[in-house]
Amino acid sequence: MNVLAITWDPALGIDLGFFVIRYYSLMFVIAFALGYQIMKRIFIHEKVELEKLDKLLMYVVFATILGARLGHVFFYDWAYFSQHPEEILLPFKFQPTFKFTGFAGLASHGAAIGIIASLWYFSKKVMHKPLLYILDRVGITVAIAGLFIRLGNLMNSEIIGHATGTNYGLIFAQLGENFPRHPTQLYEGFGYLLVFGILFYMYWKTDAAQKQGLLFGTFFALLWSVRFVVEFFKEAQVDDRASWALNTGQLLSIPLIIIGIYFMVKAKKK
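Mapping to the numbering used here: the sequence shown position 43 is 45, numbers consecutive.
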């Protein structure tokens with residue numbers, strides 16, 4: 003008897019009759035809306051023109067979606083997409099029959115690369131400030147956004163954990179299962195919430211914002227450390243790598259953790 007197990011069987015969205023609002027998409031919207039409000043507060047605090055904030059939102063939204071999509075294609079499923087290149091940027095399947103799929107495949111490591119690239123352009127062309135200045139501040143919003151993205155994954159019953167082998171965990175009914183798994187979406191999401199809390203405190207209660215690169219370094223080191231640890235509880239997203247000592251997500255996280263530590267040390271020395 004699974005006394006501590008919870009059967010997880012939510013709908014994929016809110017059915018309005020003529021349209022279904024997908025929970026995953028809704029979580030994306032909440033993440034960006036909340037991030038916008040946090041950055042607005044920061045811009046007002048630092049007396050930065052708010053019209054630049056709209057451009058920042060546009061750049062980050064575009065870079066997040068494109069980077070996350072390409073990250074999934076190249077890091078996780080190139081064997082498939084190399085044979086179906088038309089499906090990389092189109093939310094359709096053409097084989098065996100035409101089907102609307104949405105973008106069922108987004109990778110956070112790809113999103114990170116896309117966001118940094120777009121912020122480099124934004125810092126040079128719009129803000130006219132060093133890249134680290136904007137990275138220090140945007141990292142706060144990205145950390146909290148990670149929570150909502152993982153809640154979206156939970157609603158979709160995806161990025162699931164290993165079977166717990168006990169009476170604790172979530173039973174994913176949509177997957178046709180009757181045994182509990184680790185709720186890794188919650189592990190990771192609440193880990194990101196903790197990272198957000200640390201960064202928010204550092205910005206508003208300490209002089210960390212004056213030490214260029216410290217907030218960004220802390221963000222990278224902590225966020226990717228959360229990802230690295232939680233990956234031990236996840237099912238492999240690529241079957242042929244399931245036997246690796248470290249999976250793809252962990253291998254991609256290691257250099258990002260090192261980069262974060264580097265910027266932390268460098269900022270503190272200054």
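Glycine is no exception: its CB is placed at the ideal position from the N, C-alpha and C atoms.
(1) Taking Gly171 as the reference, which of Gly219, Pro182 and Gly163 has the closest Cα?
(2) For Lys57 and Ala113, what's the separation of their Cα atoms in angstroms?
(3) Hey, how far is the Cα of Tyr189 from the Cα of His111?
(4) Report yes if the C-beta distance between Val62 and Ser120 is below 8 Å; otherwise report no.
(5) Check whether the Cβ atoms of Trp226 and Gly262 lie closer than 8 Å to each other.
(6) Beta-carbon within less than 7 Å of Phe332's beta-carbon, same chain only, minus the 5 sequence neighbours each way: which residues are those?
(7) Any idea what DSSP makes of Met3, helix, strand or coil?
(8) By Cβ distance below 8 Å, which residues in the same chain neighbour Asn180 in space, the five residues on each side in sequence not counted?
(9) Have a look at the DSSP bridge pairing and note the partners of Ala165.
(10) Cα separation between Phe21 and Leu28?
(11) Determine the closest residue to Gly251 out of Gly215, Gln39 and Ile161, with distance taken between C-alpha atoms.
(12) In angstroms with no decimal places, state the Cα-to-Cα distance between Lys54 and Met129.
(13) In the DSSP output, what is Phe230 paired with across the bridge?
(14) Considering just the uninterrupted stretch of the alpha helix (DSSP H) at Leu156, what are its terminal residues?
(15) Which term fits Gly116, buried or exposed, when burial requires 16 or more other beta carbons within 10 angstroms of its beta carbon?
(16) So for Gly215, helix, strand or coil by DSSP?
(17) Considering Asp56, what are the terminal residues of the alpha helix (DSSP H) in which it resides?
(18) Under DSSP, the beta strand (DSSP E) around Gly262 begins and ends at which residues?
(19) Check the C-beta distance from Met266 over to Gly219 and give it rounded, since I have them as a contact under 8 Å.
(20) Give a yes or no on whether the C-beta atoms belonging to Asp138 and Ala65 are separated by under 8 Å.
(21) Do Thr197 and Phe235 have their C-beta atoms closer together than 8 Å?
(22) Is there at least one non-hydrogen atom of the ligand GDP closer than 7 Å to the beta-carbon of Met29?
(23) Using DSSP's beta-bridge definition, name the partner residues of Lys236.
(24) Check whether the Cβ atoms of Gln176 and Asp17 lie closer than 8 Å to each other.
(25) Looking at C-alpha atoms only, which residue of Ile23, Phe150 and Leu52 is the closest neighbour of Leu14?
Taking the definition as stated:
(1) Measuring from the Cα of Gly171, the nearest candidate turns out to be Pro182.
(2) Those two C-alpha atoms are separated by around 18 Å.
(3) One Cα belongs to Tyr189, the other to His111, and the distance between them is close to 18 Å.
(4) Between Val62 and Ser120, the C-beta spacing is below 8 Å.
(5) Yes, the pair counts as a contact, with Cβ atoms nearer than the cut-off.
(6) The chain is shown only over 3 to 272; residue 332 falls outside these bounds and no answer can be derived.
(7) Because the pLDDT of Met3 is 48, which lies under 50, any placement of that residue in the model is unreliable, and the question is left without a value.
(8) Residues Ile173 of the same chain have their beta carbon placed closer than 8 Å to that of Asn180, with the five preceding and five following residues left out of the count.
(9) In DSSP, Ala165 forms a bridge with Arg183.
(10) Going by the C-alpha atoms only, they are around 13 Å apart.
(11) Closest option to Gly251, Cα to Cα, is Ile161.
(12) Computed Cα separation, rounded: 7 Å.
(13) None, per the DSSP bridge assignment.
(14) First-last of the alpha helix (DSSP H) with Leu156: Leu133 to Met157.
(15) The residue in question, Gly116, is buried, as its Cβ has 16 or more Cβ neighbours within 10 Å.
(16) Three-state DSSP puts Gly215 in coil, outside helix and strand.
(17) For Asp56, the uninterrupted alpha helix (DSSP H) segment begins and ends at Glu53 to Gly73.
(18) If you look at Gly262, you'll find it isn't in any beta strand (DSSP E); it sits in the alpha helix (DSSP H) that goes Thr250 to Lys271.
(19) That pair is a contact at about 4 Å.
(20) Going by C-beta atoms, Asp138 is not nearer than 8 Å to Ala65.
(21) Here residue 197 is Val; the residue named in the question, Thr, does not match the sequence. With contacts defined as CB atoms closer than 8 Å, Val197 and Phe235 fail to qualify as a contacting pair.
(22) Among the components modelled here there is no ligand, and therefore nothing to report on the ligand GDP.
(23) According to DSSP, which records beta bridges pairwise, Lys236 is partnered with Gly163.
(24) Taking the C-beta atoms as reference points, Asp17 is found no nearer than 8 Å to Gln176.
(25) Selected option, being the one with the closest Cα: Ile23.
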